[in-house]
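Student: Residues in the sequence shown are numbered consecutively from 27, following my numbering.
Ideal Cβ positions, reconstructed from N, Cα and C, are used throughout, including at glycine.
Sending over a structure as structure tokens; questions will come in a sec.
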Amino acid sequence: MRQLVILFIVSSLLLLTLSRGLLTAWQWRRVSSAGGLLPVFKGGLRIDAHQIAICVGMPAVLAPWLGHMPWAVAITGWWMMLCWMLFVLLELSTPQFIIEYDTRPNKLYVEYLRHPNEVFGMLWKGYKGLLIGAALALAAFALLGHVLFGNGVPDRPLPWWQASLMSVAALAISFIAIRGTLSHRPINPSTVAYCGDSMLNTLPLNSFYNVCYAIYSMKNERSAADVYGGMDTDEMLAVVCEQAGIAPAQPKSTLHQQTATARRAEPLNIVLIVQESLGAQYVGALGGANLTPCFDALAKIGWNFTRAYATGTRSVRGLEAVSAGFPPTISDAVLRLPGAQSNFFTLAQLLTQRDYRSRFIYGGEAHFDNMKSFFLGNGFTELHDRPTFKNPKFVGTWGVSDEDMFDRLHDLLSAPPDQPTLTLAFSVSNHSPWEYPEGRIEPVGDPATVENTVRYADWALGRFFEQARQSDYWKDTVFLVVADHDSRVGGASLVPLRHFHIPALILGADIAPRRDERLISQIDLAPTLLSVAGIDALHPMIGHDLTGAGGGRAMMQYGENYGYLKHDQLLVLEPHKAARQFRYSAPDKYEPTVLDTTLAHEALAHALWPSWAYQEGAYSLPRTPARNAAQAAT
């Protein structure tokens with residue numbers, strides 16, 4: 027049994043490495059232009075070790091105790107032959123899947139199994155030779171698997187102390203291999219993503235892992251219609267487009283042309299600064315606790331939105347809203363959903379077509395919450411996260427300090443490339459356990475509190491803008507400073523609106539000071555920035571361009587509840603219940619009112635649309651001829 031474990035580890039590692047090597051050779055033109063062999067095989071070793079450890083971890087732990095029993099050896103052999111054939115089947119399927127979908131097998135591989143007659147009929151008619159070849163290859167590998175794992179012999183019994191030591195060692199090695207890292211989060215596809223080509227980011231994976239992870243991630247893809255009730259698709263789209271004030275360029279779509287109100291000889295650089303957990307409750311300029319003197323001073327020189335609302339309570343919600351203009355859903359945020367890891371609209375996807383260079387800066391590890399995979403797969407070409415910071419001033423639990431992140435942002439903006447840039451910079455310091463470098467602020471009371479980290483984060487923000495306003499890039503750059511969400515979100519209300527109230531400020535270039543008291547959503551900010559930067563664009567975003575008329579509504583997901591705030595009316599959708607309506611008065615007063623069926627219909631359409639857009643692949647840009655030609659060339 028112990029011999030079978032070792033044999034499976036070696037043979038599976040050889041099989042998966044050989045397959046990866048052949049795929050890499052086949053796609054060498056793309057691989058060589060994106061960093062070569064090292065990231066593919068280095069990441070591949072980690073993923074393969076993870077997958078193999080899942081298969082052999084339990085047999086390895088039990089082998090010292092049961093390996094001398096023939097029945098245990100026989101069961102182990104059959105189990106390993108099953109795992110071996112799953113590895114083989116998925117790897118043999120990979121080349122054709124890449125040809126069809128430009129990625130390793132994923133959830134589509136499983137979804138097609140729901141329709142075996144149609145799928146196998148199509149394969150037999152269109153790929154008969156390929157199927158016959160694959161069947162012969164499977165038979166050959168099945169025979170090899172039987173030779174390798176079908177003739178195991180019982181082990182020599184071990185003394186109890188040797189069995190104990192071997193079991194503990196096997197358990198420790200299996201745990202480390204399965205977790206794949208000693209950092210905060212276990213290994214995931216984002217850990218080994220390394221470039222902006224989403225297909226290449228799947229090469230370090232193996233196909234069995236990719237399918238398993240896709241199946242695991244499908245739990246996050248809940249249907250809003252199943253939870254809140256359905257609506258005719260055309261009717262839903264009509265409501266959403268009407269409220270967005272857009273005329274779709276094609277049927278069953280929100281794709282539309284936005285004309286910028288600012289006319290510029292050259293478009294501006296765009297910088298999105300997303301502040302971790304900075305709710306309005308802390309911001310003096312918004313009537314909060316006067317912990318943000320630097321932001322308050324900036325609000326006087328920029329376009330300050332005093333009634334901006336976040337779409338959710340997690341960073342991934344804020345990031346999807348700010349970078350992609352995507353509204354919240356009952357499902358997980360799209361950063362974590364498998365169907366959004368490529369060909370999903372972001373500002374970077376759009377601006378790459380305008381010769382922008384797009385980059386993401388984060389003081390922590392970018393594979394957290396799958397940020398790395400999502401951003402690299404959807405237009406961002408540069409990634410600056412914790413491993414790229416050399417000699418940072420301070421490193422806490424979540425990564426380098428905000429001032430280190432802002433130093434990197436300032437350095438990048440000070441040495442601009444020959445093309446305009448989009449930069450998404452995400453802060454990290456204002457997060458439990460409330461760590462920041464000493465000597466920057468005068469803490470009040472216990473230094474390790476959210477109030478003091480807010481003070482530090484504000485200090486770092488102010489320090490950056492002192493540099494930025496004196497720099498050459500200031501006149502060519504528009505900045506957005508916005509929170510991802512509030513901290514400590516809770517309360518007795520169905521949707522605690524005061525905890526969705528966040529700061530949002532646009533400044534830089536020629537932005538005139540302005541205090542804007544319109545009710546707005548995070549999803550309105552991306553279209554507004556395009557207009558300010560002077561960029562005419564075809565895109566699917568349903569947010570308002572606030573340089574003109576707009577605002578007046580916000581949408582948010584709070585656990586199972588969906589909130590749609592229009593002026594002072596809050597419509598709340600709860601799972602499998604009738605909608606409820608309240609008249610809202612800030613900061614925390616809710617007066618039940620008679621249900622407005624028109625408003626309820628509008629809210630339901632907005633709750634359903636993001637799920638529909640994701641499931642239908644409707645939230646993306648049309649493939650350009652240049653992109654199609656590049657795809658065909660590979």
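#1: Comparing C-alpha positions only, which one of 113, 194, 223 sits nearest to residue 171?
#2: On the criterion of 16 or more Cβ atoms from any shown chain inside 10 Å, does residue 414 qualify as buried, or is it exposed?
#3: In this structure, does DSSP put residue 33 in helix, strand or coil?
#4: Using the DSSP secondary-structure output, state which residues sit across from residue 282 in a beta bridge.
#5: Do the stretch 321-338 and the stretch 220-228 make contact, defined as three or more Cβ pairs closer than 8 Å?
#6: For residue 248 versus residue 384, is the C-beta spacing smaller than 9 Å?
#7: Around the Cβ of residue 130, are there at least 16 other Cβ atoms within 10 angstroms (buried) or fewer (exposed)?
#8: Taking only three categories from DSSP, how would you classify residue 50?
#9: If I measure Cβ to Cβ from residue 193 and keep anything under 6 Å in the same chain, skipping five residues before and after, which residues do I get?
#10: Starting from residue 190, trace the alpha helix (DSSP H) in both directions and tell me its first and last residue.
#11: Which value, in whole angstroms, describes the spacing of the CA atoms of residue 583 and residue 633?
#12: Tell me the residue span of the alpha helix (DSSP H) that contains residue 102.
#13: Classify residue 514 as helix, strand or coil using the three-state DSSP reduction.
#14: So, with DSSP's three-state summary, where would you put residue 391?
#15: Within its chain, find whatever has a CB closer than 7 Å to the CB of residue 659; leave out the 5 residues flanking it on each side and keep chain order.
#16: Let me know if residue 44 comes out buried or exposed under the rule of 16 or more other beta-carbons within 10 Å of its beta-carbon.
#17: If you measure between the beta carbons of residue 351 and residue 32, is that distance less than 9 Å?
#18: Just the Cα atoms here: how many angstroms apart are residue 645 and residue 482?
#19: Looking at residue 626 and residue 597, is the spacing between their C-beta atoms short of 9 Å?
#20: For the beta strand (DSSP E) containing residue 70, name the first residue and the last one.
#21: Less than 9 Å between the beta carbons of residue 103 and residue 175, yes or no?
#22: With H, G and I counted as helix, E and B as strand and the rest as coil, what does DSSP make of residue 640?
#23: Looking at C-alpha atoms only, which residue of 120, 100, 164 is the closest neighbour of residue 110?
#24: Evaluate the contact criterion for the stretch 508-526 versus the stretch 298-311: three or more CB pairs, one atom per stretch, below 8 Å.
#25: Could you check whether residue 354 and residue 372 sit closer than 9 Å to each other, using their CB atoms as the reference points?
#26: Counting beta carbon pairs with one atom in the stretch 605-621 and one in the stretch 256-268, are three or more of them shorter than 8 Å?
#27: Between residue 440 and the rest of its own chain, which residues show a CB-CB distance below 7 Å, the 5 nearest in sequence each way excluded?
#28: Report the three-state DSSP secondary structure of residue 430 (helix, strand or coil).
#29: In the DSSP output, which residue or residues are listed as bridge partners for residue 624?
#30: Since residue 295 is in the beta strand (DSSP E), which residue starts that stretch and which ends it?
#31: Can you check which of these residues, 453, 544, 519, is closest to residue 593 by C-alpha distance?
#32: Output needed for residue 250: all residues of its chain with C-beta closer than 7 Å, excluding positions within five of it in sequence on either side, in chain order.
#33: So the candidates are 406, 514, 388; which of them puts its Cα closest to the Cα of residue 430?
#34: Mind the definition here: the stretch 541-559 touches the stretch 570-589 only if three or more C-beta pairs lie below 8 Å; say whether that holds.
#35: Could you give the residue range of the alpha helix (DSSP H) that holds residue 172?
#36: Measure the beta-carbon distance from residue 230 to residue 73 and round it to whole angstroms, keeping in mind my assumption that it falls under 8 Å.
Tutor: According to the structure data:
#1: Locating residue 171 in the sequence shown gives position 145, where the first residue counts as 1. Of the listed residues, the one whose Cα sits closest to residue 171 is 113.
#2: Taking the sequence shown and counting its residues from 1, one reaches residue 414 at position 388. Exposed, since its Cβ has fewer than 16 Cβ neighbours within 10 Å.
#3: For the purposes of this step, residue 33 is taken as the residue at position 7 of the sequence shown. Residue 33 falls in the helix class under three-state DSSP.
#4: By one-based count along the sequence shown, residue 282 stands at place 256. Note: residue 282 sits in a beta bridge opposite 565.
#5: no
#6: Locating residue 248 in the sequence shown gives position 222, where the first residue counts as 1. Locating residue 384 in the sequence shown gives position 358, where the first residue counts as 1. No, these two residues do not count as a Cβ contact at 9 Å.
#7: Position 104 of the sequence shown, counted from the start, is the residue given in the question as residue 130. That one is buried.
#8: Reading the sequence shown from its first residue, position 24 is the one you call residue 50. DSSP places residue 50 in helix when its eight states are reduced to three.
#9: On the sequence shown, residue 193 is found 167 positions in, with the first residue counted as 1. 87, 90.
#10: Here residue 190 refers to the residue found at position 164 when the sequence shown is read from its first residue. Residue 190 -> alpha helix (DSSP H) spans 186-205.
#11: Position 557 of the sequence shown, counted from the first residue, corresponds to residue 583. Position 607 of the sequence shown, counted from the first residue, corresponds to residue 633. Rounded to whole angstroms, residue 583 to residue 633 spans 9 Å at the Cα level.
#12: For this step, residue 102 is matched to residue 76 along the sequence shown. Segment 96-127, the alpha helix (DSSP H) holding residue 102.
#13: Residue numbering aside, residue 514 sits at position 488 when the sequence shown is read from its first letter. Coil at residue 514, not helix or strand.
#14: Position 365 of the sequence shown, counting from 1, holds the residue named residue 391. It is coil, neither helix nor strand.
#15: Taking the sequence shown and counting its residues from 1, the one referred to as residue 659 is at position 633. In this prediction, residue 659 scores a pLDDT of 35, lower than 50, which makes its location untrustworthy; no coordinate-derived value is stated.
#16: The count along the sequence shown starts at 1 and reaches residue 44 at position 18. With fewer than 16 other Cβ atoms within 10 Å, it is exposed.
#17: In the sequence shown, the residue the question calls residue 351 occupies position 325. In the sequence shown, the residue the question calls residue 32 occupies position 6. Contact flag unset, no.
#18: Numbered from its first residue, the sequence shown carries residue 645 at position 619. Numbered from its first residue, the sequence shown carries residue 482 at position 456. Rounded to the nearest angstrom, the two C-alpha atoms are 38 Å apart.
#19: On the sequence shown, position 571 is the one that residue 597 refers to. On the sequence shown, position 600 is the one that residue 626 refers to. The answer is yes: Cβ separation under 9 Å.
#20: In the sequence shown, the residue the question calls residue 70 occupies position 44. First-last for residue 70: 64-92, but that is the alpha helix (DSSP H), not the beta strand (DSSP E).
#21: What you label residue 103 is simply residue 77 of the sequence shown in a count that begins at 1. What you label residue 175 is simply residue 149 of the sequence shown in a count that begins at 1. Yes; because the gap between Cβ atoms is below 9 Å, this pair is in contact.
#22: Taking the first residue of the sequence shown as position 1, residue 640 is located at position 614. Reduced to three states, the DSSP call for residue 640 is helix.
#23: The residue you call residue 110 lines up with position 84 of the sequence shown. When each option's Cα is compared against that of residue 110, the closest is 164.
#24: yes
#25: As a working mapping, residue 372 is identified with position 346 in the sequence shown. As a working mapping, residue 354 is identified with position 328 in the sequence shown. Cβ atoms of residue 372 and residue 354: not closer than 9 Å.
#26: no
#27: Translated into positions along the sequence shown, residue 440 becomes position 414. Closer than 7 Å at Cβ, skipping near neighbours: 497, 499.
#28: Taking the first residue of the sequence shown as 1, we reach residue 430 at position 404. Helix.
#29: Looking up residue 624 in the sequence shown gives position 598. Answer is none; residue 624 lacks a bridge partner.
#30: Indexing the sequence shown from 1 puts residue 295 at position 269. 295-301 is the extent of the beta strand (DSSP E) around residue 295.
#31: To locate residue 593, count along the sequence shown from 1; it is residue 567. Nearest of 453, 544, 519 to residue 593, Cα basis: 544.
#32: Residue mapping note: residue 250 aligns to position 224 of the sequence shown, counting from 1. Cβ within range, chain order: 355, 356, 633, 634, 637.
#33: On the sequence shown, position 404 is the one that residue 430 refers to. Minimum Cα distance to residue 430 is reached at 388.
#34: yes
#35: If you number the sequence shown from 1, residue 172 lands on position 146. Element bounds for residue 172: 154-175.
#36: Mapped onto the sequence shown, residue 230 falls at position 204. Mapped onto the sequence shown, residue 73 falls at position 47. About 6 Å; that satisfies the 8 Å criterion.
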